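Trainee: Have a look at this one before I ask anything.
Residue numbers (the working numbering), protein chains in the order written: chain A, 1 to 575; chain B, 1 to 587.
Below, the structure written as structure tokens:
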């Protein structure tokens with residue numbers, strides 16, 4: 001782990017100012033530490049040797065109290081600044097991460113499902129608090145204070161300065177040596193630790209299966225045995241790991257003891273003044289303290305940097321290239337020419353080579369086995385993914401053919417009405433959007449009568465108007481069939497030139513299905529290009545073109561992660 | 001702290017020794033500074049060097065003992081914490097074992113379960129970051145105050161007063177401020193988290209409708225709100241550190257003020273003044289760790305409470321004290337007028353179900369989702385309590401031990417769990433002493449022979465859910481079930497999360513291997529049901545129709561409608577087959 005990742009300075013700019021502040025405060029604290037030692041030794045020497053009483057040293061004591069007060073104030077200031085910086089840095093990291101993830105498209109970043117991203121940008125980056133509030137300022141102090149203390153003592157007494165000069169550099173050297181020796185073992189240990197937690201989690205997750213076979217009760221002993229085994233090996237490693245802090249403490253305290261004894265002996269022989277001796281004694285431990293504290297905060301820091309590191313990994317994933325042409329003709333035919341899609345981490349193509357075309361005023365039905373690539377084909381047309389081979393050409397009577405990858409996608413998508421298989425009726429800025437708000441997403445300036453017309457076309461208006469809150473009913477209260485028709489209305493309200501529908505009549509009863517089919521036929525007569533994934537004959541019956549999309553043979557498609565998609569909300573419920 | 005505290009209390013002797021070592025280490029630090037101060041001050045009076053030797057030896061010993069005892073404290077403390085953690089894991093597991101699976105329904109999402117396990121791991125912080133720092137701060141304070149009071153009563157009193165503030169007011173204030181900050185920001189965090197989740201969840205929809213920038217702006221707006229609150233709260237969060245430094249200064253100054261008259265009056269020798277000045281400085285360092293410890297306590301307490309909350313879920317089923325034996329030969333299962341609900345507060349999802357499953361009979365239970373099909377499976381496996389009669393050969397399963405019932409009735413679940421271990425161990429959960437030949441044979445029966453030969457290390461290959469397809473996982477679970485040789489096999493939506501092709505193939509194989517065995521197939525797909533002896537149509541918790549496939553088609557109703565859509569799907573597949581893959585048919 002690098003103590004200060006340069007990427008943090010780049011992505012979270014607020015960190016720079018904080019670093020400067022930390023250095024300034026660190027220097028001030030170093031000066032105050034020295035002043036404090038000087039004042040305290042002065043009081044003691046004046047009373048113990050000079051015979052002064054309380055009145056004589058009252059001024060110095062007041063000054064000492066002031067120094068402590070200012071130190072407290074600076075400490076408070078530094079901590080508060082750290083939390084402020086952390087809040088700002090988290091905001092900056094969150095913002096860049098969200099912007100980047102959404103720019104990567106609906107497939108999102110490789111290796112992170114949406115739930116993991118949500119957990120990372122909400123709860124995950126909170127670990128940076130400790131990094132900013134504890135580790136970073138301490139790191140600065142660990143550089144400034146020992147140096148300042150050393151220089152001060154050098155001005156007082158050469159022998160003591162020599163003792164510190166020899167022992168102080170030994171501390172990092174020891175830390176590095178012991179660190180190098182234990183690192184591989186510690187890493188292996190972390191692996192065991194996570195495997196142990198994993199084993200426990202595995203057993204708990206598999207409890208139903210274990211109970212079915214009457215094997216659940218006996219596992220308690222296995223947990224105990226493995227826990228014991230883990231404890232003994234861990235303790236073996238910890239004995240060595242703690243040696244590093246032992247060596248550190250020992251060096252620090254022996255140096256202080258050595259300084260005290262040598263100074264004391266020379267003082268008794270008259271080789272040094274009482275005030276210088278006491279000053280050195282009080283100051284010497286301060287040279288070692290910040291270094292020890294850095295070690296203590298190491299773990300908190302590692303966690304914070306780990307979260308930041310994960311954000312950086314997200315941010316470094318390359319964005320898909322964007323086309324720029326926005327001069328798309330109004331009536332285009334979409335030509336698929338041997339288009340296929342393959343993902344490196346999946347066996348078999350996500351979409352096997354497919355050739356077809358769709359013209360304005362046509363309904364194209366996509367049929368084929370599930371997992372064959374019908375939805376993938378739609379995501380190509382939306383620009384969510386790019387074909388691995390083949391191309392998609394937009395042709396028209398009055399302009400040369402245009403490759404979809406050269407087209408400005410936001411311009412292209414403006415012409416598309418899309419009904420996804422699993423519609424998310426989100427509306428930015430509204431946590432619980434209503435039916436009307438969800439439909440208006442399709443056309444932000446749509447009047448209420450236009451929204452009603454779209455819902456009517458989707459075969460939903462009559463039913464929705466009977467709801468107690470009518471079109472102001474929140475969409476999360478709707479059934480899946482009702483939500484699907486809301487999504488159809490959201491697509492229709494755009495008066496799209498291209499309508500992309502992914503099983504638009506799934507979960508609909510016969511009457512609603514017919515209404516949607518009628519709306520599709522109406523869109524065709526208005527010159528719309530309709531491309532629909534069909535799983536029911538009703539849609540195939542009205543199609544002008546039927547495309548067989550068949551990728552991998554049935555039975556081999558597999559969920560990439562091997563698990564059901566995680567529900568995001570459960571991951572961030574404690575944020 | 002409930003179960004977590006109880007598990008750690010079993011380690012009280014080890015933890016006490018760790019605390020003792022820690023106190024000795026901290027006191028050595030205090031004494032090192034005090035003795036050094038005394039040594040220097042005494043040396044200033046220019047005594048013979050030999051007179052300093054005792055103090056010099058003490059200084060060196062304290063330096064050594066501080067490091068040695070700190071090391072011992074860490075070793076013993078961690079050892080105790082890990083022992084306590086293992087104990088806690090066992091206790092939590094034993095409780096979860098009695099709750100599973102019905103009592104843990106809310107935790108079926110992998111993430112909540114992972115959270116639970118992480119909460120268990122937090123337990124090590126309880127002794128290491130909460131209890132030991134507190135004990136040390138307390139004992140070191142008492143010892144230092146006592147010593148100083150013996151030296152100069154006024155100074156001891158003054159130090160005691162300041163340390164008392166450091167032991168009570170400062171930690172209390174730090175905790176209050178942290179909780180306050182958390183409460184203040186909770187709403188803003190919730191709002192931000194909603195915006196983040198809905199933007200990520202609906203990223204495709206947002207992109208398609210050109211609203212991505214709007215969504216980002218909304219996330220940013222809420223983020224700015226949260227940051228503003230966090231910045232306002234930052235001043236409070238820094239207060240603990242500032243107060244600690246201020247109190248340390250106060251302790252030093254008041255002790256010096258109390259000790260100076262004693263030196264002037266000659267009540268103590270001048271060399272003791274340095275001791276009175278330096279002891280508070282060192283002692284307060286130990287107390288200054290408390291604001292951090294109190295924050296750790298808040299975190300540990302939250303984890304402990306979440307843990308206790310899960311474990312407080314009432315047991316769904318209690319085994320009888322004196323259990324009747326389960327039948328061990330031909331078994332007839334009889335249900336009469338069975339009512340069941342998921343929890344006492346819920347509406348019943350089974351409402352008067354009756355049927356009999358005779359030896360060797362194969363029966364299917366079909367119906368729409370939410371009809372109570374899974375409830376039935378959980379009742380039969382003795383995972384869920386019920387009203388009415390569920391008998392095996394005339395003996396109510398309530399009178400048998402749950403494990404004995406499950407020795408007769410086996411189950412294949414929707415998402416069978418694959419344990420993160422070898423294939424052999426995964427299968428042997430079904431029969432612990434099964435030989436490799438038996439394992440190979442059963443894998444062949446469930447259609448995994450080809451898959452087995454593709455594995456790098458044969459039966460010793462480590463398998464996991466991530467490396468297997470859904471169909472392979474269910475087949476592995478089926479193999480496990482067949483190995484266990486239960487009299488009655490229950491299948492609870494075994495193809496629920498598989499794509500249609502895989503589901504069809506598994507259904508066919510499943511019907512093949514259960515030929516002639518008492519079987520209850522719970523499903524909402526109708527494929528292959530021509531082969532079973534009887535079909536129950538379960539709607540809204542009640543049996544609405546019963547009969548063979550042909551009889552139910554004849555009757556009309558849910559089954560017949562459902563069958564029509566499956567036929568329709570077949571027609572579509574037939575049409576598709578006429579078009580070469582990857583091409584278009586223009587009409």
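Yeah, the Cβ is synthetic: ideal placement off N, Cα and C, and Gly gets one too. Values in this document were obtained by computation on a predicted structure and should not be read as measured data.
What are the uninterrupted segments assigned as beta strand (DSSP E) that are 3 or more residues long and contained completely in the stretch 375-412 of chain A, given in chain order?
Mentor: List check, beta strand (DSSP E) in window: 389-396, 399-403.
Trainee: Kindly list the residues whose CB is nearer than 6 Å to the CB of residue 145/A, restricted to its own chain and excluding five residues on each side of it in sequence; keep chain order.
Mentor: So the qualifying residues of the chain are 30, 290.
Trainee: Cα separation between residue 122/A and residue 462/A?
Mentor: So the two alpha carbons sit approximately 41 Å from each other.
Trainee: Going by alpha carbons, who is nearest to residue 557/B out of 368/B, 416/B, 529/B, 324/B?
Mentor: Among 368/B, 416/B, 529/B, 324/B, the Cα nearest to that of residue 557/B belongs to 368/B.
Trainee: With a CB to CB cut of under 8 Å and the five nearest residues on each side skipped, what residues in its chain are close to residue 497/B?
Mentor: So the list reads 414, 415, 470, once near-sequence residues are dropped.
Trainee: Leaving out the 5 sequence neighbours to the left and right, which residues in its chain are closer than 7 Å to residue 223/B when beta-carbon positions are compared?
Mentor: These residues qualify, in order along the chain: 192.
Trainee: Is there a Cβ from chain B that is less than 9 Å from the Cβ of residue 224/A?
Mentor: Cβ-Cβ to chain B under 9 Å: yes for residue 224/A.
Trainee: At 9 Å on the CB atoms, spell out the chain A contacts of residue 8/B, in chain order.
Mentor: Those do not exist, as residue 8/B stays about 14 Å from chain A at its closest Cβ, beyond 9 Å.
Trainee: Beta strand (DSSP E) containing residue 363/B: first to last residue?
Mentor: From DSSP, the beta strand (DSSP E) with residue 363/B extends over 362-366.
Trainee: Leaving out the 5 sequence neighbours to the left and right, which residues in its chain are closer than 7 Å to residue 61/A when beta-carbon positions are compared?
Mentor: Cβ within range, chain order: 43.
Trainee: Suppose you measure from the CA of residue 458/B to the CA of residue 493/B; what does that come to, to the nearest Å?
Mentor: Straight-line Cα distance between these residues: approximately 29 Å.
Trainee: Once you ignore the five residues that flank residue 452/A on each side, which residues in its own chain have a CB closer than 7 Å to its CB?
Mentor: Same-chain partners within the cutoff: 461.
Trainee: Does DSSP classify residue 180/B as helix, strand or coil?
Mentor: Residue 180/B: helix per DSSP, three-state reduction.
Trainee: So, is residue 549/A buried or exposed, given that buried needs 16 or more other C-beta atoms within 10 angstroms?
Mentor: By the 10 Å Cβ count, residue 549/A comes out buried.
Trainee: Please confirm whether residue 282/A has its beta-carbon closer than 9 Å to some beta-carbon of chain B.
Mentor: It does; some Cβ of chain B falls within 9 Å.
Trainee: Check the C-beta distance from residue 207/B over to residue 106/A and give it rounded, since I have them as a contact under 8 Å.
Mentor: So it is a contact: roughly 6 Å between Cβ atoms.
Trainee: What are the boundary residues of the alpha helix (DSSP H) that residue 401/B is part of?
Mentor: No alpha helix (DSSP H) holds residue 401/B; DSSP gives it neither H nor E.
Trainee: Sort out for me which residues DSSP pairs residue 396/B with in a bridge.
Mentor: Answer is 391/B.
Trainee: For a cutoff of 9 Å on Cβ pairs, would you count residue 513/B as touching chain A?
Mentor: Not closer than 9 Å to any Cβ of chain A, the Cβ of residue 513/B fails to qualify, so no.
Trainee: Specify whether the stretch 389-399 of chain A and the stretch 428-442 of chain A touch according to this definition: at least 3 beta carbon pairs, one from each stretch, less than 8 Å apart.
Mentor: Contact between the stretch 389-399 of chain A and the stretch 428-442 of chain A is absent, because fewer than three Cβ pairs lie under 8 Å.
Trainee: Can you tell me whether residue 36/A is helix, strand or coil according to DSSP?
Mentor: Helix at residue 36/A.
Trainee: Assuming residue 216/A contacts residue 417/B under a Cβ cut-off of 8 Å, what Cβ separation, rounded to an integer in Å, is found between them?
Mentor: Actually they are not in contact, since the Cβ atoms of residue 216/A and residue 417/B sit about 12 Å apart, beyond 8 Å.
Trainee: Below 7 Å between beta carbons is the criterion; list the residues of the stretch 363-397 of chain A that meet it against any residue of chain B, in chain order.
Mentor: Residues passing the 7 Å Cβ filter: 367, 368, 369, 370, 371, 382, 384.
Trainee: Threshold first: 3 residues or longer. Then list the beta strand (DSSP E) segments lying entirely within the stretch 411-497 of chain A, N to C.
Mentor: Within the stretch 411-497 of chain A, the complete beta strand (DSSP E) runs of at least 3 residues are 416-419.
Trainee: Of the residues 262/A, 224/A, 447/A, which one's Cα is nearest the Cα of residue 57/B?
Mentor: Here the closest residue by C-alpha is 262/A.
Trainee: Residue 169/A: buried (16+ other C-beta within 10 angstroms of its C-beta) or exposed?
Mentor: Counting Cβ neighbours within 10 Å, residue 169/A comes out exposed, since fewer than 16 surround it.
Trainee: Assuming residue 291/A is part of the alpha helix (DSSP H), what are its boundary residues?
Mentor: Where residue 291/A is concerned, the enclosing alpha helix (DSSP H) stretches over 274-296.
Trainee: From the beta carbon of residue 576/B, is the nearest beta carbon of chain A less than 9 Å away?
Mentor: Interface residue, yes.
Trainee: Chain B beta carbons: is any one of them nearer than 9 Å to that of residue 203/A?
Mentor: By this cut-off, residue 203/A is an interface position.
Trainee: Counting beta carbon pairs with one atom in the stretch 415-429 of chain A and one in the stretch 466-473 of chain A, are three or more of them shorter than 8 Å?
Mentor: Counting Cβ pairs under 8 Å, fewer than three are found: no touch.
Trainee: Determine the direct distance from the alpha carbon of residue 4/A to that of residue 576/A, and round the result to whole angstroms.
Mentor: No answer is possible for residue 576/A: the residues shown for chain A start at 1 and end at 575.
Trainee: Residues in the same chain with beta-carbon distance under 8 Å from residue 96/A, minus the five sequence neighbours each way, listed in chain order, please.
Mentor: 11, 311, 315, listed in sequence order.
Trainee: Can you tell me where the alpha helix (DSSP H) with residue 353/A in it begins and where it stops?
Mentor: Where residue 353/A is concerned, there is no enclosing alpha helix (DSSP H), although the beta strand (DSSP E) it sits in stretches over 351-358.
Trainee: Taking 6 Å as the limit between beta carbons, can you name the residues of its chain near residue 481/B, skipping five residues before and five after?
Mentor: For residue 481/B, where only same-chain residues beyond five positions count, the Cβ hits under 6 Å are 410, 412.
Trainee: Buried or exposed for residue 587/A, going by 16 or more other Cβ atoms inside 10 Å?
Mentor: As displayed, chain A neither begins before 1 nor continues past 575, which places residue 587/A out of reach and without an answer.
Trainee: Any C-beta of chain B sitting closer than 9 Å to the C-beta of residue 44/A?
Mentor: It does: the Cβ of residue 44/A has a partner Cβ on chain B nearer than 9 Å.
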